[in-house]
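Numbering (UniProt numbering), first residue to last: 1 to 161. Even for Gly, the Cβ is constructed at its ideal location relative to N, Cα and C.
Set out below in structure tokens:
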């Protein structure tokens, strides 16, 4: 809705619950998987607020943490929270069906996941050390182990005493 798409790999794809709008419709082989029901009327009743909440999070007018608290009271979703959940189920079902049907889509999602895993591995190696060791970006030959700041308008090479 805000220009972002959430497209996770589904490791437990056979166990995923799909959602249907019409409970009487015949979905063929997907009939057993599409066992949940989406209440479009609930989404319609709250439609004015759904984009407003999305835009508020996207623009930073409100923190996502505060919205989550607003959408749930005493562990139970508010009517707006339920409407957003039903709206999200539409996109989840479309994503799962697209994942099953399109090999290129699966490949793209896998490539994105591999890229993210590589970034996380690099971050763990740099920031948390590897086997107890830590990387240091200090220059130990300088007094105090710190490098002097370079003047951006100065020459490229600076002689250090």
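Apart from the five residues just before and just after residue 96, which ones in its own chain have a Cβ nearer than 8 Å to its Cβ? For the purposes of this step, residue 96 is taken as residue 96 along the chain shown, with counting starting at 1. Excluding sequence neighbours, residue 96 sits near 10, 13, 16, 18.
Which residue's Cα is closest to the Cα of residue 47: 110, 119, 90, 84? Taking the chain shown and counting its residues from 1, the one referred to as residue 47 is at position 47. Restricting attention to 110, 119, 90, 84, the CA atom closest to the CA of residue 47 is found in 84.
So, residue 90 versus residue 126, is the Cβ gap smaller than 7 Å? If you number the chain shown from 1, residue 90 lands on position 90. If you number the chain shown from 1, residue 126 lands on position 126. Not in contact: residue 90 and residue 126 (Cβ atoms no closer than 7 Å).
Residue 99 to residue 111 span [Cα, whole Å]: Looking up residue 99 in the chain shown gives position 99. Looking up residue 111 in the chain shown gives position 111. When rounded, the distance between both Cα atoms is 14 Å.
Does the Cβ-Cβ distance between residue 49 and residue 94 come in under 7 Å? Locating residue 49 in the chain shown gives position 49, where the first residue counts as 1. Locating residue 94 in the chain shown gives position 94, where the first residue counts as 1. No, the Cβ-Cβ distance between residue 49 and residue 94 is not below 7 Å.
Quick one: is residue 34 buried, meaning 16 or more other Cβ sit within 10 Å of its Cβ, or exposed? For the purposes of this step, residue 34 is taken as residue 34 along the chain shown, with counting starting at 1. Residue 34 counts as buried, since at least 16 other C-beta atoms from the protein chains shown sit within 10 angstroms of its C-beta.
Just to confirm, is the Cβ distance from residue 105 to residue 43 under 7 Å? Taking the chain shown and counting its residues from 1, one reaches residue 105 at position 105. Taking the chain shown and counting its residues from 1, one reaches residue 43 at position 43. No Cβ-Cβ contact shorter than 7 Å links residue 105 with residue 43.
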